[in-house]
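Enquirer:
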Amino acid sequence: MAKTYDYLLKLLLIGDSGVGKTSILFRFSEDAFNISFISTIGIDFKIRTIDLDGKKVKLQIWDTAGQERFRTITTAYYRGSMGIMLVYDVTNEKSFENIKNWIRNIEENASADVEKMILGNKCDLDSKRQVSKERGEQLAIEYQIKFVETSAKDSLNVEYAFFTLARDIKAKMEKKQEASNPAPRSGAHQLRANEQQRKPTSWLSRCSLL
Amino acid sequence: MNHQSKGNKYVCPNDRQLSLRAKLRTGWSAARSEPPLTPSERDAIAAVVKRAEKLEEVEAKRIGRLVARLEGMRRSAQGPAPRTCLLCGETARLLAPLRTCAICRNSACPKCVIDTPPHRSPLSREQYMCNLCAETREMWKKSGAWFFKSLPKYVLPERRTTGRYTDSELSRTLQDGGNSSNEGKTDSEPGSPLSIHAPTFSRQASSIERRSISSPHDTHYEWSETDILSHGFSGLSLHRTDSLNQRPLAGLKRTGSKGSAYSLRSIRKDMPKPNNQIERPPTIPDAGFGTLEIKLAYDNATSSLAVTVLRARGLIGMDMTGLSDPFCRLEVLPREGTYSNRLRTKTVHKTKNPEFNETVHFFGITESDLTVKSIEIVLFDDDKYGCDEMGSATVALRECAKSPAQLRLALSVSSGSEPTGPRILLALCYNTKKRALVVIVCRGAELPPRDSNGYSDPFVKLHLDPDPYHKKHKTSIKWRNLNPVWNEEFCFETRPTELSRQNLTLTVWDKDYGKPNDFLGSLILGATSKGRRLKHWMDCIKFPDHRHEQWHSLTDTQHL
Ligand SMILES: Nc1nc2c(ncn2[C@@H]2O[C@H](COP(=O)(O)OP(=O)(O)OP(=O)(O)O)[C@@H](O)[C@H]2O)c(=O)[nH]1
Ligand SMILES: [Mg+2]
Ligand SMILES: [Zn+2]
Ligand SMILES: [Zn+2]
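These protein sequence lines are chains A and B, in that order.
Each residue of the first sequence is one higher than the one before, starting from 1 at the first, in UniProt numbering.
Each residue of the second sequence is one higher than the one before, starting from 1 at the first, in UniProt numbering.
Pasting the structure below:
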């Protein structure tokens, strides 16, 4: 029997080229780090199965190229994503400013239900820092998105980030499921409960079964 | 691979996207002047997409198992009866009083219910959920349907008649197929003059099996919903047999001469029951969409390419009986400029194994084109309410550069093929409490302009047919809008058993004063629909109390 899992969650990493998306994913999936920079071509993905509250959750994490020239391809992957990591580089002011653009890109292309998280990566490089942690937090509050500073190199908060995003998605799922209870809803176009019409109901019409 | 089409999934890209894009600062993703990909980049991306497709197949099988499990529970349930458990049939006892399910309101014994979390409903007295309702919800979560708003693609597990193809074996085949090249696969097919081309999963094994089996039998393996129906809902099964028997004889004759369709029916009739233990060829756990045989011949004297579409085998079934009306669309890619050179074959009706035997010619193909261009063949199901894609294959023209080539291609479907052009987003939900079909007309997109100002003033009329209550509904009018958002909800009293005999008809109109309203498009959903329309309808019946949302193309003919 193939290794099975309870849920498949599809995540996506976006952000400017060189901020460390691939490195973060490499740290999370292989627990390794590579100092050399090989810019991602188009798209890639990695798989890791994690345990969340006793459930096996398979994460399919899409890594996108930050380079503008792959934008058409990469945006095509927004729509199927349940969670998106927005990554900037704390040593690169421009990549931080661009987070707003990336968020617009999400609004434009992703499902409205998508969970988001902002990562300020390379926080190990304190001497070269251009973006303070406070500014990251401020931005996150502005957009009401969770935020954490990470280092793919020192393996700081990478696990935490993915687990948090996965947990948030799972929580949203549970909440949706509760909300989908067929409790009577009020609305303008509601059907009037037509009591006389209610015939002795058959088994088929009654239960949520076939 | 279809990156672009995925981007359109579930959303109307037009106004919103454009206005958002306009708001972007210039220079950032606003200017989309992306240089074309180099061949090696394209290959790298294609390899990733292929890897993802493998994963999708595994996922489709997992969801299929969830669906099958639920179906199994449904079948073995006793059904509601006074003072007995709906699931196990146990009668009420003093120490084990029956509980009422908060969802379906049937009674079930304590062993067959679960306590719903207390935070859920502090006001409600109903604290229990029957195992069936609980399992339905579980499936909704585990399949990802909660997010995608409809059940994702799934493949039902085979019914085990022989132990030859087990799940694990398949997944091993999938893995093994992982990195090997297509050439490798061609070699691994002994004794066949044909070759299989990308994309391949476990195709080669199954194709061999298929060929060695007597042809009528291979129709036993069907895709998703039709398979479910064969052992699902009694009302539907009935309907299905009816429609088989009532099929006009003319239709039988025509397809009969071609073999499969006719023999399929006669075999089915002879079979006492679908779930009887009859000696049956192994149903193949086939993740694919069938195969297509073609011949390519290039004539450099006339610079023409002759493509003969011979036949297809094992296509997916698009209608209730598991048959389709396939035709092929052929195109040489990449296109030059905006000039599109598409050709199509005739339609072969009511079959999964069409014999096309038709040759089409492309002119103006140079010898250098042969080295860089390829031909794409897409199979569609011919339906007046919108032709759904059933699979496609692409072959490099260099295959026939030296000599004519006969090829067998594995078909695949780009997962994100959402309709384009004039379309409508509908949500359906059968509400078991209200005993009504709730239809939410969400939005329209790319509606045709009918007024001189370049817009239309669209509204939607909808009714069920037949409907004992003769309910007719209308949305509001959205003035000057080709991408209207309605989000209006309408109810039709009906029962699930009735739904399988009813059709939902929608027509979209442009409001005009002083003259008749202009017709903008129509859509019919019902058990007699095909493809994605059938799936939407059946999902709504099979999974009540859930919102099923889907885009549908509008047809410009008024069938009423
Ligand atoms: N010091 C330090 N360097 C890092 C860290 N993360 C990534 N890098 C380096 O930053 C460079 C770029 O990292 P990538 O992960 O390839 O960047 P990317 O975001 O995937 O870039 P594109 O694929 O072009 O979009 C590499 O040289 C990495 O070694 C980090 O946390 N700390
Ligand atoms: Mg990268
Ligand atoms: Zn019971
Ligand atoms: Zn129930």
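Heads up, the beta-carbon is just placed ideally off N, CA and C, and yes, glycines get one too.
Please state the DSSP three-state secondary structure of residue 176(A).
Expert: In the structure shown, residue 176(A) sits in a helix (DSSP, three-state: H, G or I).
Enquirer: Using a C-beta cutoff of 8 Å, does residue 312(B) count as contacting chain A?
Expert: Not closer than 8 Å to any Cβ of chain A, the Cβ of residue 312(B) fails to qualify, so no.
Enquirer: Against residue 45(A), what residues of chain B qualify as contacts under a CB-to-CB distance less than 9 Å, listed in chain order?
Expert: Residues of chain B passing the Cβ test: 48, 51, 52, 55.
Enquirer: Taking the straight line between their C-alpha atoms, what separation do you get for residue 149(A) and residue 329(B)?
Expert: Approximately 52 Å, taken between the alpha carbons.
Enquirer: So which residues touch the region around ligand 3, with touch meaning a C-beta under 6 Å from any heavy atom?
Expert: This selection yields 85(B), 87(B), 88(B), 90(B), 108(B), 109(B), 111(B), 112(B).
Enquirer: To which residues of the same chain is residue 359(B) closer than 6 Å at the C-beta, ignoring the five residues directly before and after it?
Expert: Contacts found: 306, 308.
Enquirer: My parser needs the beta strand (DSSP E) runs of 3 or more residues fully inside the UniProt domain "RabBD" (31–150) of chain B; what are they?
Expert: Those beta strand (DSSP E) runs which fall completely within the UniProt domain "RabBD" (31–150) of chain B and span 3+ residues are 113–115, 128–130.
Enquirer: For the alpha helix (DSSP H) holding residue 536(B), just list the boundary residues, first then last.
Expert: Segment 531–542, the alpha helix (DSSP H) holding residue 536(B).
Enquirer: For residue 550(B), which three-state DSSP category applies?
Expert: Strand, per DSSP.
Enquirer: Return no unless some Cβ of chain A is closer than 8 Å to the Cβ of residue 540(B).
Expert: Residue 540(B) does not count as touching chain A.
Enquirer: Listing by chain order, which chain A residues have their CB less than 9 Å from the CB of residue 62(B)?
Expert: Result: 2, 4, 5, 8.
Enquirer: Could you give the DSSP three-state label for residue 155(B): helix, strand or coil?
Expert: DSSP places residue 155(B) in coil when its eight states are reduced to three.
Enquirer: Starting from the C-beta of residue 555(B), find all residues in its chain whose C-beta is less than 8 Å away, skip the five residues before and the five after it, and write them out in chain order.
Expert: Here the set comprises 384, 385, 386, 521, 522, 523.
Enquirer: Kindly indicate which three-state DSSP category residue 127(A) falls into: helix, strand or coil?
Expert: In the structure shown, residue 127(A) sits in a helix (DSSP, three-state: H, G or I).
Enquirer: Quick check: is the beta carbon of residue 144(B) nearer than 8 Å to any beta carbon in chain A?
Expert: Chain A, which has a Cβ nearer than 8 Å to the Cβ of residue 144(B), makes this yes.
Enquirer: Note down, one range per segment and in chain order, each alpha helix (DSSP H) of at least 4 residues found wholly within the UniProt domain "C2" (288–411) of chain B.
Expert: Fully enclosed alpha helix (DSSP H) runs of 4 or longer: 367–372.
Enquirer: Going by DSSP, what residue range makes up the alpha helix (DSSP H) through residue 105(A)?
Expert: Its alpha helix (DSSP H) spans residues 99–109.
Enquirer: For a contact meaning CB atoms closer than 8 Å, what does residue 56(A) contact in chain B?
Expert: The premise fails here: residue 56(A) is roughly 11 Å from chain B at the closest Cβ pair, so nothing lies under 8 Å.
Enquirer: So, for residue 61(B): in the same chain, excluding its five sequence neighbours on each side, which residues have a beta-carbon less than 6 Å away from its beta-carbon?
Expert: Result list for residue 61(B): 155, in chain order.
Enquirer: Comparing alpha-carbon positions, which option in 76(A), 176(A), 5(A) lies nearest residue 105(A)?
Expert: Measuring from the Cα of residue 105(A), the nearest candidate turns out to be 76(A).
Enquirer: For chain B, find out if any of its Cβ atoms is closer than 8 Å to the Cβ of residue 113(A); answer yes or no.
Expert: Yes, because at least one Cβ of chain B sits closer than 8 Å to the Cβ of residue 113(A).
Enquirer: Is it the case that the CB of residue 106(B) approaches a heavy atom of ligand 4 more closely than 7 Å?
Expert: Yes - ligand 4 has a heavy atom lying nearer than 7 Å to the Cβ of residue 106(B).
Enquirer: Check the Cβ-Cβ distances between residue 549(B) and every residue of chain A, and say whether any is below 8 Å.
Expert: No, residue 549(B) does not count as interfacial toward chain A.
Enquirer: Does DSSP put residue 49(A) in a helix, in a strand, or in coil?
Expert: Of the three classes helix, strand and coil, the one that applies to residue 49(A) here is strand, per DSSP.
Enquirer: Is there a C-beta anywhere in chain B that falls below 8 Å from the one on residue 14(A)?
Expert: No - not a single Cβ of chain B is within 8 Å of the one on residue 14(A).
Enquirer: Determine the direct distance from the alpha carbon of residue 303(B) to that of residue 367(B), and round the result to whole angstroms.
Expert: Distance between the alpha carbons of residue 367(B) and residue 303(B): 8 Å.
Enquirer: CA-CA distance, residue 460(B) and residue 533(B)?
Expert: So the two alpha carbons sit approximately 18 Å from each other.
Enquirer: How long is the line joining the alpha carbons of residue 453(B) and residue 480(B), rounded to whole angstroms?
Expert: Roughly 8 Å between the two C-alpha positions.
Enquirer: Start and end of the alpha helix (DSSP H) containing residue 140(A)?
Expert: Unbroken alpha helix (DSSP H) run through residue 140(A): 133–143.
Enquirer: Of all the CB atoms in chain B, is at least one closer than 8 Å to the CB of residue 173(A)?
Expert: It does: the Cβ of residue 173(A) has a partner Cβ on chain B nearer than 8 Å.
Enquirer: List, from N- to C-terminal side, the beta strand (DSSP E) runs of 3 residues or more that fit wholly inside the stretch 430–458 of chain B.
Expert: 436–445, all fully within the stretch 430–458 of chain B.
Enquirer: Is the closest heavy atom of ligand 1 to the C-beta of residue 482(B) under 7 Å?
Expert: Checking the Cβ of residue 482(B) against ligand 1 gives no.
Enquirer: Among 80(A), 145(A), 23(A), whose alpha-carbon lies nearest the alpha-carbon of residue 110(A)?
Expert: The shortest Cα separation from residue 110(A) among 80(A), 145(A), 23(A) belongs to 80(A).
Enquirer: Using a Cβ cut-off of 8 Å, pull out every chain A residue sitting near residue 45(B), in sequence order please.
Expert: In chain order: 41, 42, 43, 73.
Enquirer: Less than 8 Å between the CB atoms is what I'm expecting for residue 108(B) and residue 95(B), so what's the real figure, rounded?
Expert: Residue 108(B) to residue 95(B), Cβ: 16 Å. No contact.
Enquirer: Measuring straight from C-alpha to C-alpha, what distance separates residue 420(B) and residue 458(B)?
Expert: Distance between the alpha carbons of residue 420(B) and residue 458(B): 18 Å.
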